[in-house]
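In our numbering, the protein residues as written are 2 to 280.
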């Protein structure tokens, strides 16, 4: 089996992939902690032949994880942010400082769309742009829904936004403190994505596919006005593109790749930037 690990600041997500059929056999997640040890919530390493890792945790956490895995598995690959990869040129002044999860998302999205805006809705919300031709422009980072709520310190942190809520409900003024906080942070998140996408596309005179991933992607998706796709396996797909192991991966078939909706004409994107004022 192939073990793919996405070690985040909050959760460490994993999946097992069949190297022959390319089917996903199982998935799981554990809280990111000081030490990563196999147990009831971690897959059996006896069946793992190859490991691919994306990590934004502290270097010590990654080092301990790699050290353990190399004792059990012979073939361990760790993704790094580089100056250039798979036709994409990193837009950071210091490429290694770009979060590797963002880099893998950009690489996967570019392989799928040839130019894109990739948004990861996790502990932080990250928004990255890569133009047709492979020039990564850089991106934006803002607090995720949970971090925004915690920063207010109003005792509402344990009342989550219902991911099945309708956008119209979440965008209405809240009638109690919990609603006001949840609706406010939701408005902040989707407004940032809608506005940033429109501003960058207008400045670059290009229309780009928009792809969302991350734990809060489904609820955030409900408020995004721009045609977009959800790709839960975007970071894993970046690992597949960087370290292909199966015949399907070598042929460029990435796990869970969505069907992209038609992009908006640039004229409509520009119209969305306009504010009207009635007196």
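Ideal Cβ positions, reconstructed from N, Cα and C, are used throughout, including at glycine. For clarity, every value in this text was computed on a predicted model and none was experimentally measured.
Answer with buried or exposed for residue 35, where buried requires no fewer than 16 other C-beta atoms within 10 angstroms of its C-beta.
Because the pLDDT at residue 35 is just 49, under 50, the model does not fix this residue reliably, and the value given afterwards should be weighed accordingly. Label assigned to residue 35: exposed.
How would you call residue 61, buried or exposed, if buried means at least 16 neighbouring beta carbons within 10 angstroms?
Its Cβ having fewer than 16 others within 10 Å, residue 61 is exposed.
Only counting the same chain, and skipping five residues up and downstream in sequence, which positions put a Cβ closer than 7 Å to that of residue 19?
Here the set comprises 2, 26.
How is residue 86 classed by DSSP in three states: helix, strand or coil?
If DSSP states are grouped into helix, strand and coil, residue 86 belongs with the strands.
Given residue 1, which residues of its chain have a CB within under 6 Å of its CB, disregarding the five upstream and five downstream residues?
Summary: the structure shown does not reach residue 1, with the chain confined to residues 2 through 280, and so no result is reported for it.
Looking only at its own chain, which residues have a Cβ that is under 6 Å from the Cβ of residue 130, when we skip the five neighbours before and after it?
Excluding sequence neighbours, residue 130 sits near 118, 138, 201.
Which stretch, first to last residue, makes up the beta strand (DSSP E) that contains residue 15?
Here the beta strand (DSSP E) through residue 15 covers 12–18.
Just list the residues that DSSP pairs residue 216 with in beta bridges.
The partner list for residue 216 (beta bridge, DSSP) is empty, contrary to what the question assumes.
In chain order, what residues of the same chain have a beta carbon less than 8 Å from the beta carbon of residue 1, not counting five sequence neighbours either side?
For residue 1 there is no data in the structure shown, the boundaries of the chain being 2 and 280.
For residue 76, which residues from the same chain have a beta carbon less than 8 Å from its beta carbon, with the 5 sequence-adjacent residues on both sides left out?
Result list for residue 76: 50, 51, 52, in chain order.
In this structure, does DSSP put residue 97 in helix, strand or coil?
In this structure, residue 97 counts as helix in the three-state DSSP scheme.
Quick check: what's the CA-CA separation for residue 132 versus residue 8?
Taking the straight line from one Cα to the other gives about 28 Å.
Does the distance from the CB of residue 82 to the CB of residue 92 come in under 8 Å?
No, these two residues do not count as a Cβ contact at 8 Å.
Please report how far the alpha carbon of residue 17 lies from the alpha carbon of residue 28, in whole angstroms.
Each residue's Cα considered, the two are about 6 Å apart.
In angstroms, rounded to a whole number, what distance separates the CA positions of residue 166 and residue 224?
Cα to Cα, the separation comes out at about 10 Å.
Quick one: grab the DSSP three-state call for residue 130.
Three-state result, residue 130: strand.
State the DSSP-derived secondary structure class of residue 55, mapped to helix, strand or coil.
Residue 55: strand per DSSP, three-state reduction.
Return the residue from the list 11, 261, 246 that minimises the CA-CA distance to residue 123.
Closest option to residue 123, Cα to Cα, is 11.
Return the chain-ordered list of same chain residues with a C-beta closer than 6 Å to the C-beta of residue 251, the five sequence neighbours on each side being excluded.
Closer than 6 Å at Cβ, skipping near neighbours: 245.
Using 8 Å for Cβ pairs, my map puts residue 116 next to residue 217. What's the rounded Cβ distance?
Their Cβ separation, rounded to whole angstroms, is 25 Å, which puts residue 116 and residue 217 out of contact at 8 Å.
Would you list the residues sitting across from residue 125 in a DSSP beta bridge?
In the DSSP output, where bridge partners are listed per residue, residue 125 has 144.
DSSP on residue 77, reduced to helix/strand/coil?
Three-state result, residue 77: strand.
Report back the beta-carbon spacing between residue 257 and residue 232 to the nearest angstrom; my notes put them in contact at under 8 Å.
Contact flag correct, Cβ pair sits at about 6 Å.
Using a Cβ-Cβ cut-off of 8 Å (strictly less than) and excluding sequence neighbours within five positions of residue 203, which residues of its own chain qualify?
Excluding positions up to five away in sequence, the list reads 267, 270, 271, 274.
Quick check: the Cα distance between residue 222 and residue 199, rounded to an integer number of angstroms?
So the alpha carbons of these two residues sit roughly 16 Å apart.
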